[in-house]
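With my numbering, the residue at position 58 of the sequence shown is 76, and numbering never jumps. Ideal Cβ positions, reconstructed from N, Cα and C, are used throughout, including at glycine. Here's the structure we're looking at; comments come further down.
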Amino acid sequence: HATAEAQLEAKVAALAEAEAARDAARADTSELKGELSTEKAARSKAEAEAAAQAKAHASELETARQERTRLVEEARGELADERARAAAEARTAADALAGARAEAQ
19 HATAEAQLEA KVAALAEAEA ARDAARADTS ELKGELSTEK AARSKAEAEA
69 AAQAKAHASE LETARQERTR LVEEARGELA DERARAAAEA RTAADALAGA
119 RAEAQ
């Protein structure tokens with residue numbers, strides 16, 4: 019009778035140990051899930067920040083490209099104006115030279 023009681027107590031103790039181990043495992047699992055959730059949130063935040071930075075950089079590059087295009091067009095216009103002025107001055111000088119030659123003859 020005492021042996022059966024001792025066996026029963028041993029089984030109860032083993033069951034209590036198993037339940038404690040199960041509870042500890044559940045606590046560890048819960049903690050790991052929390053850490054995973056935190057890591058996922060941090061990764062999502064980092065990815066969103068990286069995407070925002072990439073978008074801002076692309077926007078800056080587009081603005082710089084547009085400014086460069088505007089400056090090139092402006093320089094082309096100024097060059098065309100300068101060429102037209104130089105050609106007009108050359109015609110005026112040629113006309114004056116032709117007039118002076120005509121008078122000299």
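Query	Result
Could you tell me the distance, in whole angstroms, from the CA atom of G52 to the CA atom of K29?	34 Å
Suppose you measure from the CA of A111 to the CA of T81; what does that come to, to the nearest Å?	45 Å
Specify the secondary structure class of Q71 as computed by DSSP and reduced to three states.	helix
Distance, Cα to Cα, L115 vs E78?	55 Å
Quick check on DSSP: helix, strand or coil for Q84?	helix
Do you know offhand how far R40's Cα is from K63's?	34 Å
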